[in-house]
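S.K.: Numbering of the sequence shown is given in numbering that gives the first Met the number 0, commencing with residue 0 and proceeding in unit increments. Note that the Cβ used here is the ideal one computed from N, Cα and C, for glycine as well. Below is one structure. I have some questions about it.
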Amino acid sequence: MKPKINFLRLILFALVAIVLFGGVFAVFYLMFRQRDASLTYEKLGIEANMDYNVSGGYLTYASSTDLIQVNTSDTKKSMVTNLPTTIDGFGVSSSITAVYAGSNLQLRNFPTLTLTGTIRGVACGHSHCAALRTNDINGLDSIVVFNASAEAVGNAIDFSESKVVNFGFETGYGRELLWVICVNTQASLPVTTVRLYDYSTSNGAMSYYPSFYEQSIERVYFTENSVFLVGTEDIIRYNMDSSRERYRVGIYGKEVMDVSENNGTVRFLLKPRGSSDLHTLYTLAMAEADAPNTTMLTVYVGENIVNAFLQSNGIRIVTRTRMVSYSYAGKNTPSADIQLEYPADTALKLNDSSFLLVSGDDCYITTRES
């Protein structure tokens, strides 16, 4: 005798299986589907004509009464410091904040220090602060270094024949290096030199790099193993533990906008030097080795570029009306481009996913989400 088939149970079982399968499929789809990219906007109390600086994870600006430090990753952790007087400038790191006016310097939570001469700039590292001052009588530059307790470290660094044009701290990979770019204008042609002072384990042991007669050095970039000097004609690589040149790559007619490093490859984002009508960008990839093994990529955008920068997964280009994205292979996916809610007058990179958007008199922290 054949067994009876309960068709109703079979139908119910099939319906349950379909529902369960559909639910599992929906969960996996929501988890792994490609989400459309979008931008969020958080308006800040910055006026477009204010001076602002991005350093140490903060977007910092000064009003007539306060120094405001906006945490670029979490604006709820921002800090406001009352200023007893108008300041000339400030320096910020993740752990030290310093302001200056005339010959007076003040590190946060410490009494005001009065230096000899006029302070022209301040740079902060993880545990040190450097103040550049100019003698009011003879016009000579010197740098005074303080620890995080506002105590002078060693003797002042004098520049008897040169003017300091740029300086700052490198604090990555546990280091505390003060770098200084200076120019000797007493020679028949300007001569640029770069110095490093190590405050990681000592009170400023100095390393010299060769002098440059044929070009100016504009920037210094560090990776774990390398020092890159960016000049008006070349990018020159040195090993971190040696001032011997490893290689140089020509960039004549171009200037660096941004730099990133990943797995031994260093990428520089460049634009035509001095161009006011910007439509073309270049990425220059170089190996951290004895030979650069360079790869140059050209990116053309059919509208004027406000600014551009490198982020972990590609090139972000801000035009007046859009954020355009390119991969490091030079591929653009138009569907991933995002229309801006506010027309961009200025854009400034804050971190790997956010930038400062200035539109008219308003400023926004703009974050890409995808």
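Are residue 246 and residue 289 touching if we call contact CB-CB under 9 Å?
M.R.: To locate residue 246, count along the sequence shown from 1; it is residue 247. To locate residue 289, count along the sequence shown from 1; it is residue 290. Closer than 9 Å, so yes.
S.K.: Any contact of the segment 153-165 with the segment 173-182, i.e. 3+ C-beta pairs under 8 Å?
M.R.: In short, these stretches touch, since the Cβ pair count reaches three.
S.K.: Rounded to the nearest angstrom, what separates residue 356 and residue 349 at their Cα positions?
M.R.: Counted from its first residue, the sequence shown places residue 356 at position 357. Counted from its first residue, the sequence shown places residue 349 at position 350. If you take the alpha carbons of residue 356 and residue 349, they lie about 10 Å apart.
S.K.: Which residues bound the beta strand (DSSP E) around residue 157?
M.R.: As a first step, residue 157 is located in the sequence shown; it is residue number 158 there, counting from the start. Note, residue 157: beta strand (DSSP E), 156-158.
S.K.: Based on the DSSP output, what are the partners of residue 51 in its beta bridges?
M.R.: Along the sequence shown, one-based indexing puts residue 51 at 52. Residue 51 pairs with 60.
S.K.: By the three-class DSSP mapping on this structure, what secondary structure does residue 141 have?
M.R.: On the sequence shown, residue 141 is found 142 positions in, with the first residue counted as 1. Of the three classes helix, strand and coil, the one that applies to residue 141 here is strand, per DSSP.
S.K.: Leaving out five residues on either side along the sequence, give the residues of the same chain with a beta carbon under 8 Å from the beta carbon of residue 281.
M.R.: Numbered from its first residue, the sequence shown carries residue 281 at position 282. For residue 281, where only same-chain residues beyond five positions count, the Cβ hits under 8 Å are 253, 268, 269, 270, 295, 296, 297 and 298.
S.K.: Could you give the residue range of the beta strand (DSSP E) that holds residue 375?
M.R.: With the chain covering 0 to 369 only, the question about residue 375 has no answer from this structure.
S.K.: Mind checking whether residue 226 and residue 217 have CB atoms under 9 Å apart?
M.R.: The count along the sequence shown starts at 1 and reaches residue 226 at position 227. The count along the sequence shown starts at 1 and reaches residue 217 at position 218. No, Cβ-Cβ distance for residue 226 and residue 217 is not below 9 Å.
S.K.: How many Å lie between residue 319 and residue 115 at the Cα?
M.R.: Indexing the sequence shown from 1 puts residue 319 at position 320. Indexing the sequence shown from 1 puts residue 115 at position 116. Approximately 46 Å between the Cα atoms of the pair.
S.K.: Using a threshold of 8 Å, is the CB atom of residue 307 nearer than that to any non-hydrogen atom of the ligand NAP?
M.R.: Of ligands this structure carries none, so the ligand NAP is not represented either.
S.K.: Under DSSP, the beta strand (DSSP E) around residue 167 begins and ends at which residues?
M.R.: Numbered from 1 along the sequence shown, position 168 holds the residue referred to as residue 167. Where residue 167 is concerned, the enclosing beta strand (DSSP E) stretches over 162-169.
S.K.: Only counting the same chain, and skipping five residues up and downstream in sequence, which positions put a Cβ closer than 7 Å to that of residue 76?
M.R.: Translated into the one-based positions of the sequence shown, residue 76 becomes position 77. So the list reads 70, once near-sequence residues are dropped.
S.K.: Alpha carbon to alpha carbon, how far is residue 113 from residue 231?
M.R.: Position 114 of the sequence shown holds residue 113. Position 232 of the sequence shown holds residue 231. Spanning the two alpha carbons is a distance of roughly 37 Å.
S.K.: Only counting the same chain, and skipping five residues up and downstream in sequence, which positions put a Cβ closer than 6 Å to that of residue 359?
M.R.: Taking the first residue of the sequence shown as 1, we reach residue 359 at position 360. Around residue 359: no qualifying Cβ.
S.K.: Going by other Cβ atoms of all chains shown within 10 Å of its Cβ, with 16 needed for buried, is residue 141 buried or exposed?
M.R.: Locating residue 141 in the sequence shown gives position 142, counting from the first residue. Residue 141 is buried by the Cβ-count criterion.
S.K.: As a quick exercise: from 80, 42, 312 and 87, pick the residue whose alpha carbon is nearest that of residue 95.
M.R.: Residue numbering aside, residue 95 sits at position 96 when the sequence shown is read from its first letter. Taking only the C-alpha atoms, the option nearest residue 95 is 80.
S.K.: Measuring CB to CB, does residue 306 end up less than 9 Å from residue 345?
M.R.: Taking the sequence shown and counting its residues from 1, one reaches residue 306 at position 307. Taking the sequence shown and counting its residues from 1, one reaches residue 345 at position 346. Yes, Cβ-Cβ distance for residue 306 and residue 345 is below 9 Å.
S.K.: Since residue 177 and residue 198 are thought to touch, with beta carbons under 8 Å apart, how far apart are those beta carbons, to the nearest angstrom?
M.R.: In the sequence shown, counting from the first residue as 1, residue 177 sits at position 178. In the sequence shown, counting from the first residue as 1, residue 198 sits at position 199. Correct: roughly 6 Å between the Cβ atoms.
S.K.: Is the beta carbon of residue 57 sitting closer than 9 Å to the one on residue 91?
M.R.: Locating residue 57 in the sequence shown gives position 58, where the first residue counts as 1. Locating residue 91 in the sequence shown gives position 92, where the first residue counts as 1. Taking 9 Å as the Cβ cut-off, residue 57 and residue 91 qualify as a contacting pair.
S.K.: Of the choices 74, 51 and 111, whose alpha-carbon is the least far from that of residue 88?
M.R.: As a first step, residue 88 is located in the sequence shown; it is residue number 89 there, counting from the start. Closest option to residue 88, Cα to Cα, is 51.
S.K.: Closest to residue 104 by C-alpha separation, out of 126, 130, 83 and 191, would be which residue?
M.R.: Taking the first residue of the sequence shown as position 1, residue 104 is located at position 105. When each option's Cα is compared against that of residue 104, the closest is 130.
S.K.: Cα separation between residue 353 and residue 315?
M.R.: Here residue 353 is taken as the residue at index 354 of the sequence shown, counted from 1. Here residue 315 is taken as the residue at index 316 of the sequence shown, counted from 1. Cα-Cα distance, rounded: 10 Å.
S.K.: Does DSSP put residue 334 in a helix, a strand or coil?
M.R.: Position 335 of the sequence shown holds residue 334. Looking at residue 334 - three-state DSSP - the assignment turns out to be helix.
S.K.: Just to confirm, is the Cβ distance from residue 63 to residue 85 under 9 Å?
M.R.: As a working note, residue 63 is residue 64 in the sequence shown. As a working note, residue 85 is residue 86 in the sequence shown. In contact: residue 63 and residue 85 (Cβ atoms closer than 9 Å).
S.K.: What separation, rounded to the nearest whole angstrom, lies between the Cα atoms of residue 257 and residue 308?
M.R.: If you number the sequence shown from 1, residue 257 lands on position 258. If you number the sequence shown from 1, residue 308 lands on position 309. If I take the Cα positions, the gap works out to 6 Å.
S.K.: Report the three-state DSSP secondary structure of residue 39 (helix, strand or coil).
M.R.: As a working mapping, residue 39 is identified with position 40 in the sequence shown. If DSSP states are grouped into helix, strand and coil, residue 39 belongs with the strands.
S.K.: In three-state DSSP terms, what is residue 220?
M.R.: As a working note, residue 220 is residue 221 in the sequence shown. DSSP places residue 220 in strand when its eight states are reduced to three.
S.K.: Run through DSSP, which three-state label would residue 172 get?
M.R.: Start at 1 with the first residue of the sequence shown, and residue 172 comes out as number 173. Helix, per DSSP.
S.K.: Which residues in the same chain as residue 249 place their Cβ atom closer than 6 Å to its Cβ, once the five residues preceding and following it in sequence are excluded?
M.R.: By 1-based counting over the sequence shown, the position of residue 249 is 250. Excluding residues within five positions, the ones whose Cβ falls inside 6 Å are 233.
S.K.: Output the distance between the C-alpha atoms of residue 78 and residue 335, rounded to the nearest integer angstrom.
M.R.: Residue 78 sits at position 79 when you count from the first residue of the sequence shown. Residue 335 sits at position 336 when you count from the first residue of the sequence shown. If you take the alpha carbons of residue 78 and residue 335, they lie about 35 Å apart.
S.K.: Assign residue 279 to one of three DSSP states: helix, strand, or coil.
M.R.: Working through the sequence shown from its first residue, we reach residue 279 at position 280. Residue 279 falls in the strand class under three-state DSSP.
S.K.: What would DSSP say about residue 1, mapped onto helix, strand or coil?
M.R.: Counting from 1 along the sequence shown, the entry for residue 1 is found at position 2. Summary for residue 1: the model assigns pLDDT 45, below 50, so the residue's position carries little reliability; its value from the coordinates is reported in the next sentence. Coil, per DSSP.
S.K.: Between 195, 329, 326 and 210, which lies nearest to residue 189 when the distance is taken from Cα to Cα?
M.R.: Locating residue 189 in the sequence shown gives position 190, counting from the first residue. Measuring from the Cα of residue 189, the nearest candidate turns out to be 210.
S.K.: Among the candidates 265, 123, 125 and 193, whose CA atom is the shortest distance from the CA of residue 310?
M.R.: Here residue 310 corresponds to residue number 311 of the sequence shown, with the count starting at 1. With distances taken between Cα atoms, residue 310 lies closest to 265.
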